[in-house]
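Residue numbers (my numbering): 2 to 259.
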Amino acid sequence: MTTHRIFDWTPQAVVFDCDGTLVDSERHWQQARDIVLRENGAAPDPAFTERSKGLHYAECGALMARLAGRPDAGEEMTRHLLATFRALVAQCPVAVRGAPGLVTSLSRSAPLAVASNCPADVVEFSLQSVGLRQRFRHIVVPGPGVHPKPSPDTYVEAVRRLGVECRDALAVEDSLNGLKAAVGAGLRVIGVGRNPGPEALALADLWVDTLDDPELLAWAKSRPTARREEADAARTAPVRPKIPQQGGRTQSGARTAP
2 MTTHRIFDWT PQAVVFDCDG TLVDSERHWQ QARDIVLREN GAAPDPAFTE
52 RSKGLHYAEC GALMARLAGR PDAGEEMTRH LLATFRALVA QCPVAVRGAP
102 GLVTSLSRSA PLAVASNCPA DVVEFSLQSV GLRQRFRHIV VPGPGVHPKP
152 SPDTYVEAVR RLGVECRDAL AVEDSLNGLK AAVGAGLRVI GVGRNPGPEA
202 LALADLWVDT LDDPELLAWA KSRPTARREE ADAARTAPVR PKIPQQGGRT
252 QSGARTAP
């Protein structure tokens with residue numbers, strides 16, 4: 002880990018992961034996976050939980066189908082997983098500790114985007130629910146020609162849309178697959194989370210337990226302010242309407258994870 006590669010530098014753009022980095026939704030994914038597996042007669046175990054973290058939802062559905070002994074039911078279980086997750090996140094949207102402050106500080110000095118393996122509507126809803134959507138110019142998710150993490154595609158596309166070179170951009174990530182994607186794209190990376198594994202630590206330029214790390218926040222606040230026209234563009238990024246959620250509220254007060 003080489004902190005000077007972050008603290009002695011000002012990124013021209015910053016790309017955040019969403020789940021587990023900005024929105025404390027990994028608990029919702031884990032709960033949704035557990036619900037779907039149990040309803041299909043299978044019991045989740047620690048190995049499955051670790052393997053599924055940061056996995057694209059379609060790949061997760063296929064993995065659950067195999068674990069449940071129904072290898073041909075991947076699409077069905079993926080649909081069930083997404084519906085269950087949407088209902089859970091609508092009931093309890095929570096910002097990751099420190100995320101609002103870090104995003105606000107960095108948005109004053111550089112344009113921001115999100116690169117996620119989740120469906121675009123889930124990312125939109127999650128960010129709006131915790132009051133962060135307006136800070137991001139672009140949301141990039143897998144699609145035609147853009148492969149999910151650990152492929153670098155979502156980061157490459159996000160940086161392209163922000164109009165800078167990958168070497169001049171910073172990624173903020175919490176999962177091993179996300180770290181691999183960001184490093185593969187050529188970005189410098191801040192990793193976040195408690196008890197990271199050795200591979201994750203080796204990939205990150207800086208690792209923090211939480212995004213409200215005092216040294217990290219001090220660095221973010223000390224970055225030079227972007228030109229007025231760039232800051233105005235960031236503040237006026239288009240925001241889509243909130244997405245109705247069956248079985249849950251469409252508007253919720255944001256809380257911060259402890």
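No residue lacks a Cβ here, since even glycine has one placed at the ideal position from N, Cα and C. Given the structure is predicted, the values throughout are model-derived calculations rather than measurements.
Nearest to residue i (by Cα), restricted to the options the options
| i | options | result |
| --- | --- | --- |
| Glu51 | Glu174, Tyr156 and Pro197 | Pro197 |
| Val15 | Ser223, Ala183, Asp210 and Pro199 | Ala183 |
| Thr211 | Gly21, Gln13, Ala88 and Gln135 | Gly21 |
| Arg168 | Pro149, Pro151, Glu158 and Leu188 | Leu188 |
| Thr226 | His148, Leu68, Gly194 and Ser108 | Ser108 |
| Pro120 | Ser152, Leu82, Arg39 and Pro45 | Leu82 |
| Ala59 | Lys150, Gln135 and Glu40 | Lys150 |
| Ala30 | Val90, Glu40, Asp46 and Ala48 | It is worth fixing the name first, because residue 30 is Trp in this sequence and not Ala. Closest by alpha carbon: Val90. |
| Val131 | Ala96, Leu202 and Ile36 | Ala96 |
| Ser152 | Ala186, Phe126, Val160 and Lys222 | Ala186 |
Separation of residue j from residue i, as counted between CA atoms
| i | j | result |
| --- | --- | --- |
| Gln92 | Glu166 | 39 Å |
| Gly62 | Asp9 | 42 Å |
| His5 | Phe86 | 38 Å |
| Gly144 | Tyr156 | 13 Å |
| Arg84 | Gln32 | Here the sequence assigns Ala to residue 84, which means Arg is not the residue at that position. Whole-angstrom Cα-Cα distance: 12 Å. |
| Gly70 | Asp206 | 41 Å |
| Gly102 | Leu128 | 14 Å |
| Asp25 | Gly99 | 11 Å |
| Leu68 | Ala43 | 7 Å |
Own chain residues within Cβ distance below 8 Å of residue i, not counting five before or after
| i | result |
| --- | --- |
| Asp18 | Val115, Ala116, Ser117, Ala172, Val173, Glu174, Asp175, Ser176 and Gly179 |
| Val160 | Ala14, Val16, Ala114, Glu166, Cys167, Ala170, Ala186 and Leu188 |
Residue span of the beta strand (DSSP E) that contains residue i, given as start and end
| i | result |
| --- | --- |
| His139 | His139 to Val141 |
| Gly192 | Arg189 to Val193 |
| Leu23 | No beta strand (DSSP E) contains Leu23, which DSSP labels as neither H nor E. |
| Ala207 | Reading the sequence as shown, one finds Leu at residue 207 and not Ala. Taken as a continuous stretch (DSSP letters only), the beta strand (DSSP E) holding Leu207 covers Leu207 to Val209. |
Sequence-distant residues of its chain with Cβ nearer than 6 Å to residue i (five each side left out)
| i | result |
| --- | --- |
| Val66 | Looking at the sequence provided, one finds Ala at residue 66 rather than Val. Closer than 6 Å at the Cβ level, and outside the excluded window around Ala66, lie Pro72, Ala74, Gly75 and Met78. |
| Pro112 | Ala14, Arg138, Leu163 and Ala235 |
| Ile7 | Asp206 and Leu207 |
Cβ shell of residue i (< 7 Å), same chain only, five flanking positions each side left out
| i | result |
| --- | --- |
| Val190 | Ala172, Glu174, Leu180, Ala183, Val184, Leu204, Ala205 and Asp206 |
| Ala221 | Leu103, Ser106 and Leu107 |
Endpoints, alpha helix (DSSP H) assigned at residue i
| i | result |
| --- | --- |
| Glu40 | Glu27 to Glu40 |
| Glu60 | Tyr58 to Leu68 |
Chain B contact for residue i (CB, 8 Å cutoff)
| i | result |
| --- | --- |
| Trp220 | Structure shown: chain B not included; a single protein chain is present. |
**Request:** Pick out the complete beta strand (DSSP E) segments inside the stretch 75–144, 3 residues or longer, and give them in chain order.
**Result:** 113–116 and 139–141
**Request:** Give, in chain order, every unbroken run of the alpha helix (DSSP H) that is at least 4 residues long and sits entirely within the stretch 138–180.
**Result:** Listed in chain order, they are 154–163.
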